[in-house]
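Q: One structure, as structure tokens, below. Some questions next.
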Amino acid sequence: MLQYTAMDPDGLNVAISGRYGLAHYSIVDRKWKLFGNEAQEHDFVVVGGMMWWESFLVVAVYDIAQDRDELRFYPRDSKLDNKFALVKRLPSQILLMSLDRDKLLTFAADSTLAIFQLKDNLKSDSLNPASIDPCDCMQTIDVGALCVHPACVISVYLTTLRTSFSSTSSQQHSVVINVSGRLMILHHEYLVQDNNHGNAPQYITPTVLASCVEMVWLPRANNPSCSSTSMNHNIYLSEALWLYCGQEMRVWLPLREKSQSSVHTFISNRIMLSFPVSIYPLTILFDKAIILGAENDSLSYTTGIPTSPDPYGAPNALFPFCILQRTSQVYLHQILRQLIRRNLGYYAWEIARSCSKLPYFPHSLELLLHEVLEEEATSKEPIPDALLPSVIEFVREFPVYLRTVGQCARKTELALWPHLFSVAGRPRALFDECLQRGQLDIAATYLLVIQNLESPTVSRKFATQLVDKALESRKLDLVKDLVRFLKAIDPNDVEPMRTSIPKFNTQTPPISPSEYDISMVLGTMQ
0 MLQYTAMDPD GLNVAISGRY GLAHYSIVDR KWKLFGNEAQ EHDFVVVGGM
50 MWWESFLVVA VYDIAQDRDE LRFYPRDSKL DNKFALVKRL PSQILLMSLD
100 RDKLLTFAAD STLAIFQLKD NLKSDSLNPA SIDPCDCMQT IDVGALCVHP
150 ACVISVYLTT LRTSFSSTSS QQHSVVINVS GRLMILHHEY LVQDNNHGNA
200 PQYITPTVLA SCVEMVWLPR ANNPSCSSTS MNHNIYLSEA LWLYCGQEMR
250 VWLPLREKSQ SSVHTFISNR IMLSFPVSIY PLTILFDKAI ILGAENDSLS
300 YTTGIPTSPD PYGAPNALFP FCILQRTSQV YLHQILRQLI RRNLGYYAWE
350 IARSCSKLPY FPHSLELLLH EVLEEEATSK EPIPDALLPS VIEFVREFPV
400 YLRTVGQCAR KTELALWPHL FSVAGRPRAL FDECLQRGQL DIAATYLLVI
450 QNLESPTVSR KFATQLVDKA LESRKLDLVK DLVRFLKAID PNDVEPMRTS
500 IPKFNTQTPP ISPSEYDISM VLGTMQ
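Quick note on numbering that gives the first Met the number 0: the sequence shown kicks off at 0 and runs consecutively.
Put into structure tokens, the structure is as follows:
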């Protein structure tokens with residue numbers, strides 16, 4: 000039975016622990032490493048988890064033979080044997096661990112947090128385990144006043160996340176602790192003293208971030224494998240703290256100061272945003288603005304077996320049938336909507352601009368416009384502060400504005416179109432703008448809107464203009480679609496055009512109206 004698992008940041012080594020001992024597997028070599036001495040494997044139990052640091056497997060164990068708690072560092076490239084392991088004795092049993100770069104955070108059974116500094120000499124090839132202390136204890140914090148029992152602490156994290164930012168505190172660590180679903184953050188500051196004790200870290204009063212927290216995702220900046228290029232790609236999302244609280248997601252988003260300087264400086268506050276999710280989140284792709292998770296689809300079916308001996312009595316038994324599948328959900332439009340609602344359009348624009356290179360960025364804008372439109376257009380009560388005009392103005396700042404409005408109209412009910420175009424602009428004006436920009440495919444989208452909102456005469460007029468532009472651009476596939484569009488227009492609904500209809504020869508049979516419409520188009524094509 001597996002107790003703990005750990006994978007290195009490169010995804011090349013996997014470690015597992017069972018009821019006794021541990022083992023790790025190399026994906027490159029496709030080989031397991033097990034204890035050669037079974038007595039050593041049965042003499043300890045992994046109690047506080049394990050994780051990879053550089054080329055070492057860090058494990059919190061309880062030594063059964065010597066009745067003591069230890070931190071063990073097993074080299075990845077050596078055999079699994081206690082003679083190669085570096086050992087750090089501990090005063091009490093470790094329940095939880097967290098690693099950030101070269102600092103290790105532990106939570107013990109006596110309700111104390113300890114921060115260890117991992118030594119660089121562990122990376123040396125010639126190690127003498129008996130003479131090397133793998134880590135030094137930097138600070139011990141008693142958190143017994145924050146929890147009733149140590150078992151109430153669900154998780155602890157060591158991070159550089161802070162509520163306020165300054166140039167001198169960017170590298171200082173903070174502790175995030177989840178006590179019975181109540182998430183708190185502890186900061187510490189190094190106060191310079193006049194004596195010879197040096198800098199002593201002092202922890203201030205904890206700040207409560209949220210309640211009913213089930214899972215926490217720290218910023219990717221705390222991941223050593225994350226490069227500086229990816230961190231600077233979107234500084235807002237990379238420095239955000241994500242929480243899952245039952246049926247909704249919460250994000251603790253930093254707000255960057257409005258400055259023309261190339262150096263990213265932060266103002267001393269963050270904002271907590273929340274939005275519902277339809278899936279169970281498993282992980283967050285910070286730079287990709289995607290939530291990866293799972294969803295469950297269940298139904299009840301009858302077995303054909305009566306629940307009672309009487310065949311005419313109770314109905315057949317019902318059994319649930321569940322289908323679990325992996326899925327994903329885009330969350331960018333949710334953040335943009337919350338920021339626009341709070342009159343923080345500048346930060347929404349900054350986030351959207353940094354994500355504009357994503358392939359599904361236009362789709363995110365469509366979701367933003369579609370959700371706001373449906374909510375406000377179908378509302379039975381008047382909305383005092385409508386959000387749709389602000390969303391339209393926001394989307395107008397991007398080159399995909401015409402495409403976003405057109406695609407949103409096609410995916411929305413016809414009854415909501417007047418409300419949409421009363422704010423976005425007349426379809427005729429948007430159609431002309433598409434022709435001026437050479438966006439003929441998007442103009443064809445607005446042609447369908449004009450067909451439903453205008454008369455057939457107007458539709459044929461704009462379709463003829465689009466045919467001429469498509470022929471000039473040699474888009475023959477679009478021309479074929481437009482020809483079918485013109486042919487589908489009922490000639491009885493079109494107003495007669497006396498000046499354009501030629502006189503037919505009495506010796507030739509007259510041309511039907513539908514054939515005449517097509518002949519006009521084909522003549523233009525020739």
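The C-beta atom is built at its ideal place from N, Cα and C for all residues, glycine as well.
#1: If distances are taken between C-alpha atoms only, which option among 472, 274, 455, 32 comes closest to residue 486?
#2: Nearest to residue 28 by CA position, among 1, 37, 75, 34, is which residue?
#3: Looking only at DSSP bridge pairs, what is residue 274 linked to?
#4: Do you know offhand how far residue 374's Cα is from residue 137's?
#5: Taking all protein chains shown into account, decide if residue 271 is buried (16 or more other Cβ within 10 angstroms of its Cβ) or exposed.
#6: Can you give me the C-alpha to C-alpha distance between residue 6 and residue 85, rounded to a whole angstrom?
#7: Is the stretch 352-371 close to the stretch 321-338, with three or more CB pairs under 8 Å?
#8: Would you call the CB atoms of residue 251 and residue 216 closer than 8 Å?
#9: Is the Cβ-Cβ distance between residue 397 and residue 347 less than 8 Å?
#10: Which residues mark the beginning and the end of the beta strand (DSSP E) in which residue 138 is found?
#11: Would the beta-carbon of residue 95 fall within 8 Å of that of residue 155?
#12: Within the 8 Å Cβ cut-off, does residue 474 reach chain C?
#13: Enumerate in chain order the residues of its own chain whose CB-to-CB distance from residue 293 is below 8 Å, with the five nearest sequence positions on each side excluded.
#14: First and last residue of the alpha helix (DSSP H) that includes residue 405?
#15: Roughly how many angstroms separate the alpha carbons of residue 424 and residue 300, rounded to a whole number?
#16: Given that a residue counts as buried once 16 or more other Cβ atoms are within 10 Å of its Cβ, and exposed if not, what is residue 207?
#17: Using the Cα positions of residue 239 and residue 289, report the straight-line distance between them to the nearest angstrom.
#18: Near residue 273, what residues of its chain come up, given a Cβ to Cβ distance below 6 Å and the 5 sequence neighbours on each side ignored?
#19: Using CA coordinates, which residue listed in 91, 71, 93 is at the minimum distance from residue 83?
#20: Let me make sure I understand the geometry here. Which of 399, 321, 387 has the alpha-carbon closest to that of residue 358?
#21: What's the C-alpha gap between residue 64 and residue 89?
#22: Based on Cα-Cα distance, which residue from 119, 148, 114 lies nearest to residue 175?
#23: Could you give the distance in angstroms between the alpha-carbon of residue 1 and the alpha-carbon of residue 47?
#24: Under the rule that 16 or more other beta-carbon atoms within 10 Å means buried, what is residue 32, buried or exposed?
#25: For the alpha helix (DSSP H) that residue 37 lies in, which residues bound it at each end?
#26: By the three-class DSSP mapping on this structure, what secondary structure does residue 391 have?
#27: What residue from 253, 244, 245, 243 has the CA that sits closest to residue 237's CA?
#28: Ends of the beta strand (DSSP E) at residue 74?
#29: Could you check if residue 178 is buried or exposed, using at least 16 other CB atoms within 10 Å of its CB as the buried criterion?
#30: Return the CA-CA distance between residue 98 and residue 415, expressed in angstroms with no decimal places.
#31: Tell me the DSSP secondary structure of residue 463 in three-state form.
#32: Can you name, in chain order, every residue of its own chain whose Cβ lies under 7 Å from the Cβ of residue 431, other than the five neighbours on each side?
#33: Might you give, ordered along the chain, the residues of its own chain that have their beta carbon closer than 6 Å to the beta carbon of residue 295, omitting 5 neighbours on each side?
#34: So what does DSSP say about residue 4, is it helix, strand or coil?
#35: In the DSSP assignment, find the unbroken alpha helix (DSSP H) run with residue 24 in it and report its ends.
A: Judging by the given coordinates:
#1: Within the sequence shown, the letter at position 487 stands for residue 486. Checked all of 472, 274, 455, 32; the closest Cα to residue 486 is 455.
#2: Position 29 of the sequence shown, counted from the start, is the residue given in the question as residue 28. Closest option to residue 28, Cα to Cα, is 75.
#3: Counting from 1 along the sequence shown, the entry for residue 274 is found at position 275. 248.
#4: Your numbering for residue 374 matches position 375 in the sequence shown. Your numbering for residue 137 matches position 138 in the sequence shown. Rounded to whole angstroms, residue 374 to residue 137 spans 54 Å at the Cα level.
#5: Position 272 of the sequence shown, counted from the first residue, corresponds to residue 271. Exposed: under 16 other Cβ atoms inside 10 Å.
#6: Here the question's residue 6 lines up with position 7 in the sequence shown. Here the question's residue 85 lines up with position 86 in the sequence shown. Spanning the two alpha carbons is a distance of roughly 20 Å.
#7: yes
#8: Indexing the sequence shown from 1 puts residue 251 at position 252. Indexing the sequence shown from 1 puts residue 216 at position 217. No, they are not a contact pair.
#9: Residue mapping note: residue 397 aligns to position 398 of the sequence shown, counting from 1. Residue mapping note: residue 347 aligns to position 348 of the sequence shown, counting from 1. Contact: no.
#10: Here the question's residue 138 lines up with position 139 in the sequence shown. First-last of the beta strand (DSSP E) with residue 138: 134-141.
#11: Your numbering for residue 95 matches position 96 in the sequence shown. Your numbering for residue 155 matches position 156 in the sequence shown. Yes, the Cβ-Cβ distance between residue 95 and residue 155 is below 8 Å.
#12: No chain C is present in this structure, which holds just one protein chain.
#13: By 1-based counting over the sequence shown, the position of residue 293 is 294. Correct list, in chain order: 278, 279, 281, 323, 324, 325, 326.
#14: Taking the first residue of the sequence shown as 1, we reach residue 405 at position 406. Note, residue 405: alpha helix (DSSP H), 400-409.
#15: As a first step, residue 424 is located in the sequence shown; it is residue number 425 there, counting from the start. As a first step, residue 300 is located in the sequence shown; it is residue number 301 there, counting from the start. Rounded to the nearest angstrom, the two C-alpha atoms are 51 Å apart.
#16: As a first step, residue 207 is located in the sequence shown; it is residue number 208 there, counting from the start. Under this definition residue 207 is an exposed residue.
#17: As a first step, residue 239 is located in the sequence shown; it is residue number 240 there, counting from the start. As a first step, residue 289 is located in the sequence shown; it is residue number 290 there, counting from the start. Those two C-alpha atoms are separated by around 14 Å.
#18: Here residue 273 refers to the residue found at position 274 when the sequence shown is read from its first residue. Answer for residue 273: 247, 249, listed in chain order.
#19: For the purposes of this step, residue 83 is taken as residue 84 along the sequence shown, with counting starting at 1. Out of 91, 71, 93, 71 has the C-alpha closest to the C-alpha of residue 83.
#20: The sequence position of residue 358 within the sequence shown is 359, counting from 1. It is 399 whose Cα lies nearest to the Cα of residue 358.
#21: As a working mapping, residue 64 is identified with position 65 in the sequence shown. As a working mapping, residue 89 is identified with position 90 in the sequence shown. In a straight line, the C-alpha of residue 64 is about 15 Å away from that of residue 89.
#22: To locate residue 175, count along the sequence shown from 1; it is residue 176. Cα-wise, what sits closest to residue 175 is 114.
#23: Within the sequence shown, residue 1 is the residue found at index 2, counting from 1. Within the sequence shown, residue 47 is the residue found at index 48, counting from 1. When rounded, the distance between both Cα atoms is 14 Å.
#24: Translated into positions along the sequence shown, residue 32 becomes position 33. By the neighbour-count rule (16 or more Cβ atoms within 10 Å), residue 32 is buried.
#25: Your numbering for residue 37 matches position 38 in the sequence shown. Here the alpha helix (DSSP H) through residue 37 covers 37-40.
#26: Mapped onto the sequence shown, residue 391 falls at position 392. If DSSP states are grouped into helix, strand and coil, residue 391 belongs with the helices.
#27: Residue mapping note: residue 237 aligns to position 238 of the sequence shown, counting from 1. Closest by alpha carbon: 253.
#28: Within the sequence shown, residue 74 is the residue found at index 75, counting from 1. It spans 67-74 - the beta strand (DSSP E) in which residue 74 sits, taken as one unbroken run.
#29: Counting from 1 along the sequence shown, the entry for residue 178 is found at position 179. It is buried - the Cβ of residue 178 has at least 16 other Cβ atoms within 10 Å.
#30: By 1-based counting over the sequence shown, the position of residue 98 is 99. By 1-based counting over the sequence shown, the position of residue 415 is 416. When rounded, the distance between both Cα atoms is 52 Å.
#31: Stepping through the sequence shown from its first residue, residue 463 is reached at position 464. DSSP places residue 463 in helix when its eight states are reduced to three.
#32: Residue numbering aside, residue 431 sits at position 432 when the sequence shown is read from its first letter. For residue 431, where only same-chain residues beyond five positions count, there are no Cβ hits under 7 Å.
#33: Here residue 295 refers to the residue found at position 296 of the sequence shown. Cβ within range, chain order: 321, 323.
#34: Counted from its first residue, the sequence shown places residue 4 at position 5. It is a strand residue.
#35: Numbered from its first residue, the sequence shown carries residue 24 at position 25. Taken as a continuous stretch (DSSP letters only), residue 24 belongs to no alpha helix (DSSP H), being part of the beta strand (DSSP E) at 21-25.
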